[in-house]
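Residues in the sequence shown are numbered consecutively from 1, following full-length UniProt numbering.
Glycine residues also receive a C-beta, built at the ideal position from the N, C-alpha and C atoms.
Quick caveat: nothing in here was measured; it's all calculated off a predicted structure.
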Amino acid sequence: MSEVITPQPAVPTQTPPAPPEMKPVKKGKKKAVKNAIILAIVAGVLAIGGFLLYKFLHSGGEEQGEIMAQPAQIGTIQSKVSGSGTAKAKESAAITLTQSGTVQEVFVTGGQTVMAGDPLYTIYSQAAQDAVTDAKEELNNLLEDMADLQEEAANLTVRAPFAGKLQEVKEFHIDDEVSKSAPVATLVNDKKLKLSLYFSYAYEKEIHTGQSVQVSIPAVMGSFEGRVEKINKVSYISPEGAVHFEAVIVFDNPGTLTAEMDASAVLTAADGTAIYPYENGKTEYYESRDIIAKASGPVTAIGNLLDHANVQAGEALLYLGSSTIDSQIRSKQEEINSAQTKLDEAQKALNDFNAVAPIDGTVTSCNLTPGQEVKSGDTVVMISNNVTMLVTITVDDRNISFIKPGNYVDLDWNGQVYQGLVTSIDMGGAQAGQGMTSYPVTLTVDNVDGSLMDGAWLQYSFVTSESADCILVPTTSVKYFSDMDGTRQSVVFVKRDSRPDDVPELELPEVAPGEKRTFPSEEEGYYPVIVETGISDTQNVEIVSGIQDGDEVFVNYTVTDGSYGY
């Protein structure tokens with residue numbers, strides 16, 4: 001402590017008598033005066049502190065403040081869950097070049113709105129065009145190879161080319177080696193027969209295709225109706241020197257006729273006279289074909305390969321095997337798939353040089369100018385569709401059951417309010433941490449005015465429960481005390497004109513000197529009532545039972561200057 005100097009009183013200005021000679025003050029007395037001054041200061045500080053402590057310890061009810069109360073009211077209350085999430089455009093597209101080129105025209109600028117299919121720019125790239133041409137040629141060659149392999153595989157099964165009867169069938173056994181072009185059988189169509197006859201050119205105008213004919217077969221002594229199918233203007237000269245043309249006649253086989261039977265036919269002229277051929281002819285099968293193997297290989301199975309067997313068109317007659325054809329087809333298909341992918345990529349790359357907008361949206365970036373040289377890897381245009389935004393939020397396992405697709409969620413971004421429609425809940429994307437599991441939830445938000453920005457951080461809330469026409473009191477009105485059994489109870493203090501008979505016995509805390517009570521006393525006319533609470537929000541609590549609508553309940557004490565103790 002610095003030394004304290006006490007000032008002395010002034011002396012009158014007159015000549016005093018000569019003082020007697022003074023002795024010097026001893027050092028011990030000077031120290032005693034100094035200590036006395038220090039003690040006086042300390043005593044003053046203690047006196048002030050004691051006064052303030054007395055004021056604090058003896059602050060009475062008059063410094064408690066005035067009671068704030070209000071009646072319990074009927075209303076509606078909701079319990080909500082809140083959190084946060086991020087927004088992004090529902091669709092976005094970036095065009096990145098795969099070849100170099102020169103910019104020719106640019107049709108859009110940043111910030112411009114485009115529709116899917118709108119032209120964006122043109123870039124000339126010979127390399128991109130060559131890549132498409134080469135990829136097409138490679139794919140076409142592979143497809144031709146595959147067609148040959150598939151034809152070869154199909155030829156391993158010998159089939160009937162049309163419906164008919166087998167003749168001259170060769171004998172085959174399992175595992176016999178069959179060479180390409182080996183004869184298998186002859187197939188004839190015996191459902192119809194044909195007959196070639198020659199008529200004199202004198203009847204040229206009397207015979208025409210489609211004309212009815214009566215065919216006679218002496219061997220069966222029968223007559224069959226047929227028609228002229230074809231007329232061949234040949235020159236068949238008889239030994240008598242007459243010139244004749246050929247008429248091919250077709251008639252149905254009743255099932256009892258065959259080839260090489262003698263037959264004749266009679267036609268009728270326009271005047272009703274009969275027209276006879278130069279001579280009789282022989283019946284023939286309507287169609288006949290030699291069946292041969294078109295591939296080589298061992299016999300693996302034999303079908304209805306029998307003489308005189310009736311078969312249907314496409315019916316399998318003989319099966320040949322191949323140890324390599326299947327693997328060759330699989331390998332060729334892999335080559336085709338790879339070539340198709342290469343062509344698709346080359347075509348897409350070429351399209352990117354004459355690009356159109358892939359989606360509706362706004363051009364967020366365009367880094368092109370006419371004459372500019374661009375290279376592979378350059379991202380030249382970016383488009384975002386922010387008319388509809390996607391907002392991703394996370395909801396924990398305590399509240400995920402309160403939300404489902406089709407529900408709406410309230411969203412807030414910088415004071416702007418939006419409605420988010422729940423479109424999906426990713427149960428498989430759950431993440432666990434801090435004793436709970438959170439699930440990603442995707443919302444769609446209409447953003448026609450474009451006010452919601454990509455990357456915005458939003459606050460969300462949705463209702464988990466609601467009570468309507470219920471009794472509500474402020475949250476500060478509900479206090480919590482233990483009863484005499486130690487059970488924690490929810491308590492509301494209600495104003496009564498007199499003390500009710502059913503006032504519960506509670507362990508109310510003692511108020512220490514200098515502290516304020518947080519609940520009213522009976523002297524103030526308020527009595528505790530045990531209540532059952534329901535849902536709550538940030539302002540009110542639902543009272544399920546215990547009080548009635550209109551009961552005046554204690555809310556809090558007002559704060560007064562005196563309550564601070566100064």
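Alpha-carbon spacing of residue i relative to residue j, whole angstroms
i, j, result
"Ile425", "Val81", "16 Å"
"Pro504", "Ser467", "28 Å"
"Gly164", "Gly226", "20 Å"
"Gly514", "Gln539", "29 Å"
"Arg159", "Asn189", "15 Å"
"His173", "Ala185", "15 Å"
"Leu52", "Glu523", "Because the pLDDT at Leu52 is just 43, under 50, the model does not fix this residue reliably, and the value given afterwards should be weighed accordingly. Near 28 Å, if we compare the C-alpha coordinates of Glu523 and Leu52."
"Cys366", "Glu335", "38 Å"
"Gly450", "Thr362", "10 Å"
"Asp175", "Thr300", "6 Å"
"Met68", "Tyr557", "6 Å"
"Glu260", "Phe224", "16 Å"
"Ser498", "Ser477", "20 Å"
"Ala127", "Thr341", "18 Å"
"Ala355", "Glu137", "24 Å"
"Val220", "Gln333", "59 Å"
"Glu315", "Gly210", "32 Å"
"Pro474", "Ser384", "48 Å"
"Gly415", "Trp457", "12 Å"
"Ala349", "Glu152", "37 Å"
"Leu305", "Ala147", "28 Å"
"Ala313", "Ala135", "40 Å"
"Val494", "Thr487", "21 Å"
"Ile275", "Ala269", "6 Å"
"Val250", "Lys191", "11 Å"
"Gln104", "Gln129", "16 Å"
Short Cβ contact (8 Å threshold) for residue i with residue j
i, j, result
"Gly85", "Tyr460", "yes"
"residue 567", "Val243", "This structure gives no information on residue 567, because the portion of the chain shown stretches from 1 to 566."
"Val169", "Asp271", "no"
"Leu120", "Ala357", "yes"
"Pro500", "Tyr527", "yes"
"Ser236", "Glu246", "Before going on, a small fix: residue 236 reads as Tyr here, not Ser. Going by C-beta atoms, Tyr236 is nearer than 8 Å to Glu246."
"Leu156", "Tyr319", "yes"
"Val491", "Val531", "yes"
"Thr122", "Glu373", "no"
"Val445", "Leu411", "yes"
"Ser196", "Val248", "yes"
"Gly110", "Thr364", "yes"
"Val215", "Ala265", "yes"
"Lys404", "Val391", "no"
"Ala72", "Val555", "no"
"Gly420", "Leu443", "yes"
"Val399", "Thr464", "The sequence shown places Asn at residue 399, not Val. Contact flag set, yes."
"Lys88", "Asp454", "yes"
"Leu267", "Val213", "yes"
"residue 568", "Ile547", "No statement about residue 568 is possible, as the shown extent of the chain runs from 1 to 566 and does not include it."
"Ser536", "Ser79", "yes"
"Leu187", "Ile292", "no"
"Asp549", "Ile77", "no"
Reduced DSSP secondary structure (H/G/I, E/B, other) of residue i
i, result
"Met68", "strand"
"Leu267", "strand"
"Met382", "strand"
"Leu491", "In the sequence on display, residue 491 carries Val and not Leu. Correct three-state label for Val491: strand."
"Met146", "helix"
"residue 630", "Lying outside 1 to 566, the shown extent of the chain, residue 630 is not represented and no answer is given."
"Leu57", "Confidence is the limiting factor: at Leu57 the pLDDT is only 42, short of 50, which leaves the residue's position unreliable and the question unanswerable from this model."
"Phe107", "coil"
"Phe402", "helix"
"Glu284", "strand"
"Ser100", "coil"
"Tyr201", "helix"
"Thr477", "Strictly speaking, residue 477 in this sequence is Ser, with Thr absent from that position. Note: Ser477 maps to helix in three-state DSSP."
"Glu466", "strand"
"Glu206", "coil"
"Glu552", "strand"
"Glu279", "coil"
Cutoff 8 Å: residue i Cβ touching any chain E Cβ
i, result
"Val503", "Of the protein chains in the structure, only one exists, and it is not chain E."
Any non-hydrogen atom of the ligand GDP within 7 Å of residue i CB
i, result
"Thr256", "Looking at this structure, you won't find the ligand GDP or any other ligand, since it has none at all."
- Determine contact between the stretch 199-210 and the stretch 168-179, defined as no fewer than three beta-carbon pairs at a distance below 8 Å. Contact check between the stretch 199-210 and the stretch 168-179: fewer than three CB pairs, one atom from each, fall below 8 Å, which does not count as touching.
- At what residue ranges does the stretch 213-265 contain a whole run of the beta strand (DSSP E), taking only runs of 3 or more? Counting only runs of 3 or more, we get 222-237, 243-252.
- Using 8 Å as the Cβ pair cut-off and three pairs as the minimum, do the stretch 392-405 and the stretch 474-487 touch? No, because fewer than three Cβ pairs between the stretch 392-405 and the stretch 474-487 fall closer than 8 Å, the two stretches do not touch.
- Quick one: which unbroken beta strand (DSSP E) runs of 3-plus residues sit fully inside the stretch 417-462? Chain order, please. 431-433, 436-446
- Are at least three pairs of beta-carbons, each pair with one atom in the stretch 96-110 and one in the stretch 367-381, less than 8 Å apart? yes
- Query: Which runs of the alpha helix (DSSP H), 4 residues or longer, sit entirely within the stretch 116-199?
  - Reply: 126-155
- Would you list, in sequence order, the uninterrupted alpha helix (DSSP H) runs of no fewer than 4 residues that lie entirely inside the UniProt domain "CzcB-like barrel-sandwich hybrid" (290-385)? 325-352
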